[in-house]
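J.: Just so you know, my numbering puts 671 at position 677 of the sequence shown, and the rest follows in order with no gaps.
C-beta: ideal position from N, C-alpha, C; glycine also.
Following this message is one structure expressed as structure tokens.
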Amino acid sequence: DLKKLFRPERDTLLRDVCLDFDGKRMLFSGLDRTNRWAVFQIAGDGGSLRQLSPSGYPDLDFFDACYLPNGKIILCSNAYYVGVPCLDGKYKVCSLYLLDPATKRLRQLTFDQDHGNDPVVLNDGRVLYQRWEYSDIPHYFARRRMTMNPDGTGQLALYGSNSWFPTAFRFARPVPGHPTMLAGILSGHHCRGGYGDAGRLALIDPALAGAYPFRYRPASKEWGEAGEPIAVTPEILPAEKTGFLQLIPGYGKTVEGTVCDAAVTDLYLKQHPSLATHPHPLSEKYFLVSMKPDAESLWGIYLVDIFDNATLIAEEEDAALFEPQLFRPRPRPPVMPDRVNLTSKTADVHVADIYFGPGLQGVPRGTVKAIRVFAYHFCYLGKGGFNLIGSESGWDVKRVLGTARVEADGSACFQIPANTPVSLQPLDAGGNAVQLMRSWLVGMPGERVSCAGCHEDRRASLPPQRSIAETRHSEPLTPWLGPARPFAFTHEVYPVLERHCIGCHSDKPVAGPRGKPCFKEPKTAYDTLHPYVRRAGIEGDMALLNPMEYHTSTSRLFQMLEKGHHGVTFASMGGEARERLACWIDLNAPFAGNWDPPEWKGIDPVARRLDLAKQFAGADVCPEAEHAAAAEAFRNRKPVEFVKPPPVAPISPDGLQAVGFPMDTAAARSLQTACAGGLPDRIELGSGVVMRLAAIPAGEFVMGSLDGAADERPRAVVRVKKPFAMAVTEVTNGQYAQFDPEHDTRYIDMHFMDHVVPGHIANHPDQPVARVSCEDALAFCAWLSGKFGLRVTLPDEAQWEWAARAGTDTRFFYGGEDADFGRFANLADSDLRNYRMKWEGPSVLQNRFPYPPEMNFPLHDPRFKDNWFVVDYAGQTEANAWGLKDMVGNVSEWTRSVYAAYPYPGAEPEGETRKVARGGSWADRPVDAGASVRRAYQPWQKVFDVGFRVIVEVE
């Protein structure tokens, strides 16, 4: 029988019920006399009503509270005065606060970009809560389960970091008697019918795994029909690898990690008609839950079990029953002592070994020299959105705080401002980020924030040893070219362009196959320069990035300036200019460094946020004021004098000639036929996978180019002394999987937002393998050699260029850079302009839309169109005279040569370890690709558009 315990004086919603551990009182959320949400408490008999949350704040709400073992409570509030980014700041973000009912003191605990909610105490005394974050990752799928100590220290991801699944895991509750099991509701994002808080009951154990790995084996290079709904089911993995024990109903079935935006309406209701919400675990097998068995049923209270049984406990006509829980005492978790020092303005960060963990896997020790530390400055109420930051530049303003040194053993110890969301970027000797965090950490006042390594598994630990950094006190951050401030292109990058570039880039910008940026004023400079920068964008792949995935070495801007651009080089520009450009790229190439919000409902949101931060977080920093000071300094600066680069001597003909070079197609094929008899024409890799080979004759040619970059000359006459066999195409994903079945080339990032898939497909078995290092490629060659008794290796630069030219002396075997490449190479064609996605409805696979032509973004050649806009299946182009396909385009290709100055073969510079990749890829215009084009990458670096093809040498 239902018994009424409490009814408010007026008809209003009550929710978020939390019974105290002794069962003598309970919390709930309701509307106060000013119609703001507030947290109330009543006694177990329904009497003694009192409001616990603060009053006197007519613009604030307080709700979703839970008792702590020490008698305090954690509740949600929108007092952070941050706006929801994906809704342009139109709605308030809620954060978690600690309230002491005895003293009425309120202290902010979480400082996140979007909502923090669903707090509950775990069996060990920690607090479990949901954090929604999407710093350069897809926002539909970016809700994490976090834990922290009751005082706010120790904020750590528990489940969902780098995971596409589940879309949402709502109302998670600990299972009594079990140390780590949770029950919660799998839900979606854009769920029709108001089902955002309902879905399928699920059991997880984060001690088994902290994420559901996404490994999808596509049947096509396309996801499906654009404009149609999509749900993607990756490889179905056991609980030991996913943490998912089962769904209810779903006894005996392995949980599928299907990625779906509107998961309730577009997935779960199609599998089973029932909906569930508000689970209350009784044991590992039995649960109370609010449930609606089918569309015609009432929302009632049910007892369900792991065997798929459901017993109705209560329902009521013309009503819905929610939030069931046992009205009885329960064990009080242990009381955790406070670890904060509220008189401190800082927290300490201790990194034991930055090379420990998958974040820097494969990065040689000694590479990381420092850590860049920046803080997020989230949007205000009434003004937000990624379009205000820049083009493909993320959601938030980023505020550079400084750098910290990294010791020889990989350890670091430094101070950060307390109560501030900060992100860490490990830097190499050039000041370039080796990895991007795409998240943040927060230290409470006086807290020691400890990291074992870089993105280490929270269950992993290092052997006990004292690091170098632990032998000293934590150090203040080293300022970065001035005081802490938001990064703004106008203040940080534009002066570099004025000093070193504007003399040649002050005319009208030029788009097209040989685009030319214009730097006459900051906004035009930004709009025309950012296409030369590769960055993570608004919503990159959810997966943990490979080290150096977005390293400056993958950006055309840095590639160009390293080689020299009309006399301008990094050497001539100086270290500070390089640092500023590197920082800009690493921060996702932003333009804006402030929000400048208007009044919101008659309130100054900047002043109000600062006022509330002083009250509840002891913070007095205003990034808007920092930006204003930088802007004032920029306006009052002395005129910047353009430094004219030294004149570049004209390139004169070198008169070099090689015997029999160039040659026509008939002569080239005749040479090939003459040498083909002693060379293999295929390798059977197993499982029906075949690698076809073409014979490449010996011969002499002029290597390099007089028209290309500076590192392509002086040219040299080079002789390839022996014939060899070369793979007709790049090594494909399917071929590479015979050697390393765990490798995943993954995806090419989509632009814009609202993504429902990880990116454009690059891991189809017939597409060329990429994101393999030169060391990986050589290991594949060694495996082939050992398995088949052949001498398999990578070509050196001379062998590669000789094969690519196939007797020709032009930039491409089919002509120069103005030749139509459509049939011959997969390069950055006119279709690459159609790279912008947009919202088209829940769960809908997005169409591609064009950027304005004047943006020249992504860099492309608008004159020609090839077979596919990103990486294509291998071998879809017409072959050169020796039967080789995709030597230029599709993906660049590793050689075994060390990057050295010409004439070839130049002496290897002391200390140079970088290897040369050749040809150019789908992301390169003809002006950036060709038979002589060279790019230098670390031998351990996995590059998004670099693969390889093998050669077989014979004695």
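So what's V948 in DSSP terms, helix, strand or just coil?
T.: Coil.
J.: Quick check: the Cα distance between R493 and V634, rounded to an integer number of angstroms?
T.: Going by the C-alpha atoms only, they are around 6 Å apart.
J.: If you compare alpha carbons, which of A446, N426, T97, L650 is closest to S547?
T.: For the residues A446, N426, T97, L650, the minimum Cα distance to S547 belongs to N426.
J.: Keeping to the same chain, check which residues put their C-beta closer than 6 Å to that of A37; ignore five residues upstream and five downstream.
T.: R19.
J.: Applying the 10 Å Cβ sphere with the 16-neighbour rule, what's the burial state of Y245?
T.: The residue is exposed, with fewer than 16 neighbouring Cβ atoms inside 10 Å.
J.: Ignoring anything shorter than 3 residues or poking outside the stretch 760 to 788, list the beta strand (DSSP E) runs there in chain order.
T.: Listed in chain order, the complete beta strand (DSSP E) runs (minimum 3 residues) inside the stretch 760 to 788 are 785 to 787.
J.: Which complete beta strand (DSSP E) runs does the stretch 358 to 427 hold, if anything under 3 residues is left out?
T.: Whole beta strand (DSSP E) segments, 3+ residues: 364 to 371, 391 to 399, 406 to 411, 416 to 421.
J.: Enumerate, from N- to C-terminal direction, the unbroken beta strand (DSSP E) stretches of 3 or more residues contained entirely within the stretch 112 to 194.
T.: Counting only runs of 3 or more, we get 121 to 126, 137 to 142, 150 to 153, 162 to 168, 176 to 181.
J.: May I have the straight-line CA-CA distance separating S956 from A225, to the nearest angstrom?
T.: Any property of residue 956 remains undetermined from this structure, which presents the chain solely from -5 to 949.
J.: Do I365 and A398 have their C-beta atoms closer together than 7 Å?
T.: Cβ atoms of I365 and A398: closer than 7 Å.
J.: Here's a check: name, in chain order, each residue in its chain whose Cβ is nearer than 8 Å to the Cβ of Y374, leaving out the five neighbours to either side.
T.: So the list reads Y75, V76, G77, G83, W589, P591, W594, P599, V600, R603, once near-sequence residues are dropped.
J.: Should S681 go down as buried or exposed, given a rule of 16 or more other Cβ atoms within 10 Å for buried?
T.: S681 comes out exposed.
J.: Enumerate in chain order the residues of its own chain whose CB-to-CB distance from D53 is below 7 Å, with the five nearest sequence positions on each side excluded.
T.: Correct list, in chain order: I597.
J.: Give every residue of the same chain whose Cβ lies closer than 8 Å to the Cβ of A289, excluding the five residues on either side of it in the sequence, and list them in chain order.
T.: Excluding sequence neighbours, A289 sits near P267.
J.: Give the DSSP bridge partners of F56, in chain order.
T.: Answer by DSSP bridge pairing, in chain order: S71.
J.: Pull up the CB-CB distance for V33 and F56, whole angstroms please, since I reckon it's below 8 Å.
T.: With a Cβ gap of about 5 Å, V33 and F56 count as contacting.
J.: Please report the distance separating the alpha-carbon of V696 from that of Y730.
T.: Between V696 and Y730, the C-alpha separation is close to 33 Å.
J.: When we look at the beta-carbon of K936 and count the other beta-carbons within 10 Å, is it buried (16 or more) or exposed?
T.: So K936 ends up on the buried side.
J.: Check whether the Cβ atoms of A341 and E441 sit closer than 7 Å, and answer yes or no.
T.: Yes; because the gap between Cβ atoms is below 7 Å, this pair is in contact.
J.: DSSP state of A798, grouped into three classes?
T.: If DSSP states are grouped into helix, strand and coil, A798 belongs with the helices.
J.: Classify I300 as helix, strand or coil using the three-state DSSP reduction.
T.: Reduced to three states, the DSSP call for I300 is coil.
J.: Once the 5 residues before and after N757 are set aside, which same chain residues still bring their CB inside 8 Å of it?
T.: These residues qualify, in order along the chain: Y210, R211, P212, N727, D738, T739, R740, Y741.
J.: When you compare each of A576, A622, G561 to V637 by their alpha carbons, which one comes out closest?
T.: That would be G561, whose Cα lies nearest to the Cα of V637.
J.: Return helix, strand or coil for G913, following the three-state DSSP convention.
T.: Strand at G913.
J.: Do you know whose CA, among K632, L195, L784, lies nearest P287's CA?
T.: Out of K632, L195, L784, L195 has the C-alpha closest to the C-alpha of P287.
J.: Between the Cα of P516 and the Cα atoms of V258, F807, P584, which residue gives the shortest distance?
T.: Per the Cα distances, P584.
J.: Of the choices V362, S71, D922, whose alpha-carbon is the least far from that of A703?
T.: When only C-alpha atoms are compared, the closest one is D922.
J.: Go ahead and pull the three-state DSSP assignment for R44.
T.: R44 falls in the strand class under three-state DSSP.
J.: Contact check, G351 vs G447 under 8 Å by CB: the rounded distance?
T.: The Cβ separation is near 4 Å, so the contact holds.
J.: Going straight from the alpha carbon of R686 to that of S500, what length do you get?
T.: Their backbone Cα atoms lie some 51 Å apart in a straight line.
J.: Which residues bound the alpha helix (DSSP H) around G702?
T.: Per DSSP, G702 belongs to no alpha helix (DSSP H) and is neither H nor E.
J.: Check whether the stretch 570 to 586 and the stretch 382 to 400 touch, using three or more Cβ-Cβ pairs below 8 Å as the test.
T.: Verdict: yes, contact present.
J.: What do you get for H833, buried or exposed, if any count of 16 or more other CB atoms within 10 angstroms of its CB means buried?
T.: In the sequence under discussion, the amino acid at residue 833 is Trp, which differs from the His named in the question. Its Cβ having fewer than 16 others within 10 Å, W833 is exposed.
J.: Give the single residue among V766, L92, A868 whose Cα lies nearest to the Cα of P735.
T.: Checking every option, the nearest Cα to that of P735 belongs to V766.
J.: Relative to the C-alpha of D(-5), which residue among E309, P207, W31, D191 is closest?
T.: Closest option to D(-5), Cα to Cα, is E309.
J.: Which runs of the beta strand (DSSP E) spanning at least 3 residues fall entirely within the stretch 266 to 312, listed in chain order?
T.: You should have 269 to 275, 280 to 286, 294 to 299, 304 to 308.
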